[in-house]
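Here the structure comes first, spelled out in structure tokens, and everything after it is commentary.
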Amino acid sequence: MNNREYIESGMLELYATGLLSIEEMRDAELKACQFSEIKTELESLQTLLERYAMKYSMISPAGLKEQIMQQMESSATVADSKVKPIVRPISSTQAPSINYLAVASMALLVIAAGFAIRFALQADQYKQKVNQLTQAQESSRIALNATSHSLVNAQEQLTALTDPNTERITMQGTPKSPESIAMIYWNKETKTVYLDVKRLPAQPSDKQYQLWYIDTANKPVNAGMFDVNSDNMLKMIDAPDALAFAVTLEPRGGSPNPTMDQMYVIGKVHS
Amino acid sequence: MSEEELISLLFKKDKQAFSYLYDNYSAALYGVIFRIVQDENTAADVMQESFVKIWSHFSHYDKTKGKLFTWLVNIARNLAIDTTRSKGFKNQNKNLDVENIVIHIDAHKSTSFKPEHIGLKALLDKLRPEQRTIIDLAYFGGYTQMEIAEALKIPLGTVKTRMRMAILELRKIF
Numbered sequence: 229m230n231n232r233e234y235i236e237s238g239m240l241e242l243y244a245t246g247l248l249s250i251e252e253m254r255d256a257e258l259k260a261c262q263f264s265e266i267k268t269e270l271e272s273l274q275t276l277l278e279r280y281a282m283k284y285s286m287i288s289p290a291g292l293k294e295q296i297m298q299q300m301e302s303s304a305t306v307a308d309s310k311v312k313p314i315v316r317p318i319s320s321t322q323a324p325s326i327n328y329l330a331v332a333s334m335a336l337l338v339i340a341a342g343f344a345i346r347f348a349l350q351a352d353q354y355k356q357k358v359n360q361l362t363q364a365q366e367s368s369r370i371a372l373n374a375t376s377h378s379l380v381n382a383q384e385q386l387t388a389l390t391d392p393n394t395e396r397i398t399m400q401g402t403p404k405s406p407e408s409i410a411m412i413y414w415n416k417e418t419k420t421v422y423l424d425v426k427r428l429p430a431q432p433s434d435k436q437y438q439l440w441y442i443d444t445a446n447k448p449v450n451a452g453m454f455d456v457n458s459d460n461m462l463k464m465i466d467a468p469d470a471l472a473f474a475v476t477l478e479p480r481g482g483s484p485n486p487t488m489d490q491m492y493v494i495g496k497v498h499s
Numbered sequence: 227m228s229e230e231e232l233i234s235l236l237f238k239k240d241k242q243a244f245s246y247l248y249d250n251y252s253a254a255l256y257g258v259i260f261r262i263v264q265d266e267n268t269a270a271d272v273m274q275e276s277f278v279k280i281w282s283h284f285s286h287y288d289k290t291k292g293k294l295f296t297w298l299v300n301i302a303r304n305l306a307i308d309t310t311r312s313k314g315f316k317n318q319n320k321n322l323d324v325e326n327i328v329i330h331i332d333a334h335k336s337t338s339f340k341p342e343h344i345g346l347k348a349l350l351d352k353l354r355p356e357q358r359t360i361i362d363l364a365y366f367g368g369y370t371q372m373e374i375a376e377a378l379k380i381p382l383g384t385v386k387t388r389m390r391m392a393i394l395e396l397r398k399i400f
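Here it is, written out as structure tokens:
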């Protein structure tokens, strides 16, 4: 089996998703060491799965990091410190004390002092604990707010996209940029327009893409500006009636009329 | 910090680097763990176990065998799977069979996963549910080829080609 055949056999996909037996894994690793072609392929698979896993990121519980750091810290100190046993000499020949009252009160004083110190230390620890908890609570509150905000957005999108009145329009690349492609989700009832850019060349910093719809009088109407660095679906300006949608590259801030020779994608409404 | 720098600092047991590692990878790893154990308390425990292991076993990381994230995910995933396969946990999630796994994951996703990545695009686009299932069963679920073949009711020999197709589709999406 040559390298190309090995890559096409699907073994590397199985390796990257953890499905190979130990012998097969060794074989794949050996090949990756020997041939840069296979190594590159394997790395790109791992990067792909990394990105896929990242999509499912979740905010980890507040305070967990502190807990973990603390655990590391304590396991490190236990290992490092050499605890020396305290040895107290015992004198065997001690005259029995007679002043019991003095001894008792002395002992009492020592015990009381001990308690005082302990309580003071504990109070300090509790204060720290309270501070930590307040901070943790605050950060989780912020995270929760952000999360519920984006959840509302996502739910709105989902409702809009699954609505039977929503039409999906594929805007194909023009001869200027045949590789480009973008989707429009247009709801004829609510008039909302969502744009999902699949592939468009990165815009120069002084330029911006502009979405247009062609109204029933065959006139192009502005439907909003966007940059192609966003991973999300974009909500654009509502389109009351549209025969087609198109995207042109315009000076940053937009143009009143589309620059026709800068059109990148266009797609007709089906009905 | 580049991945190279991070790795060399972690080899030196640098605590700051570990803190950086946590900040940058915990969300992804927690997502993976949660996906497997489906319970917040268990996920937090596994998370703690994973990071302690990452710290104490970092000398075992071998750059030539793959990217840092792959190694991290393997640790987190294996610990998570060990937990689900241990006694006591089995009964809780008995009904997590394959037919349900995608639905199950989706149901959770809408409440817990980073909503901007709610997978809408993937949902609407090219990756069909059965293609997602095969990736998820292997990569997140730790299923073997045999188990996947049984679960998807396909011949053992087909797992490889199916996986390759699914990953080719995934490539188109990213």
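So the sequences go chain by chain: A and B.
Per our numbering, the very first residue in the first sequence carries number 229; after that it's consecutive.
Per our numbering, the very first residue in the second sequence carries number 227; after that it's consecutive.
Note that beta-carbon positions come from the ideal geometry of N, C-alpha and C, so glycine has one too.
The structure displayed is predicted, hence computed values, not measured ones.
Classified as buried, Y284 of chain A has 16 or more neighbouring CB atoms from the shown chains inside 10 Å of its CB. Counting C-beta pairs with one atom in each stretch, the region 395-409 of chain A and the region 484-496 of chain A have three or more that are closer than 8 Å, which means they touch. Fewer than three pairs of CB atoms, one per stretch, sit closer than 8 Å, so the region 236-246 of chain B makes no contact with the region 458-472 of chain A. For M461 of chain A, there is no enclosing alpha helix (DSSP H), as DSSP gives it neither H nor E. Distance between W440 of chain A and S433 of chain A, taken at the CA atoms: about 21 Å.
In this structure, L382 of chain B sits away from I360 of chain B, with a CB-CB distance that is not shorter than 8 Å. Around the beta-carbon of R358 of chain B, 16 or more other beta-carbon atoms lie within 10 Å, marking it buried.
For V449 of chain A, the enclosing beta strand (DSSP E) begins and ends at P448 to F454. In this structure, the CA atom of I296 of chain A is about 31 Å from the CA atom of A344 of chain A. Judged by DSSP in its simplified three-state form, T418 of chain A adopts coil rather than helix or strand. The three-state reading of DSSP puts F263 of chain A in coil, since its state is none of H, G, I, E or B. Bounds of the alpha helix (DSSP H) holding G342 of chain A are Y328 to T390. When DSSP states are grouped into helix, strand and coil, Y492 of chain A belongs to the strand group. The region 332-350 of chain A makes no contact with the region 264-274 of chain A: fewer than 3 CB pairs, one atom from each, lie closer than 8 Å. Using a Cβ-Cβ distance cut-off of 8 Å, the region 233-249 of chain A and the region 257-275 of chain B are not in contact, since fewer than three pairs of beta carbons, one from each stretch, lie closer than that value.
If you draw a straight line from the Cα of K463 of chain A to the Cα of M229 of chain A, it comes to about 50 Å.
Contacts with chain B (Cβ-Cβ distance below 9 Å) from the region 283-303 of chain A involve K283, Y284, S285, M286, I287, S288, P289, L292, K293, Q295, I296, M297, Q299, M300, E301 and S303, listed in chain order.
In this structure, Y256 of chain B places its C-beta atom within 8 Å of the C-beta atom of A269 of chain B. C-alpha of E417 of chain A to C-alpha of Y437 of chain A: approximately 26 Å in a straight line. In the DSSP assignment, no residue is bridged to Q274 of chain B. If you look at V385 of chain B, you'll find it in the alpha helix (DSSP H) that goes T384 to I399. Here Q360 of chain A has G291 and E294 as same chain residues with Cβ atoms under 8 Å from its own Cβ, once five neighbours each way along the sequence are excluded.
Relative to L294 of chain B, the option among A:Q274, A:N381 and A:M286 whose CA is nearest is A:Q274. In the structure shown, the three-state DSSP call for Y284 of chain A is coil. For E241 of chain A, the closest Cβ of chain B is nearer than 8 Å. Listed along chain B, the residues sitting closer than 9 Å to E271 of chain A by beta-carbon distance are G292 and K293.
Approximately 4 Å separates the beta-carbon atoms of R390 of chain B and G238 of chain A; this is inside 8 Å, confirming the contact. Think of a sphere of 8 Å around the beta carbon of Q363 of chain A: no beta carbon from chain B falls inside it, the nearest being about 16 Å out. The C-beta distance from K426 of chain A to A410 of chain A rounds to 6 Å, short enough to fall under 8 Å. The criterion of a C-beta distance shorter than 8 Å is not satisfied by V278 of chain B and A306 of chain B.
Legend: CB atoms of the region 368-395 of chain B lying less than 9 Å from CB atoms of chain A belong to residues G368, Y369, T370, Q371, I374, V385, K386, T387, R388, M389, R390, M391, A392, I393 and L394. Excluding the 5 residues flanking it on each side, N485 of chain A has same chain C-beta neighbours closer than 8 Å at P448, in chain order.
The beta carbon of S285 of chain B sits closer than 8 Å to the beta carbons of F237 from its chain, once the five residues preceding and following it are set aside; these are given in chain order. Within chain B, the residues G292, K293, F295 and T296 have their CB atoms less than 8 Å from the CB of Q274 of chain A, given in chain order. In the three-state reduction of the DSSP assignment, V497 of chain A falls in the coil class, being assigned neither a helical nor a strand state.
Just measuring C-alpha positions, the residue of A:Y280, A:S408 and A:Q299 sitting nearest V456 of chain A is A:S408.
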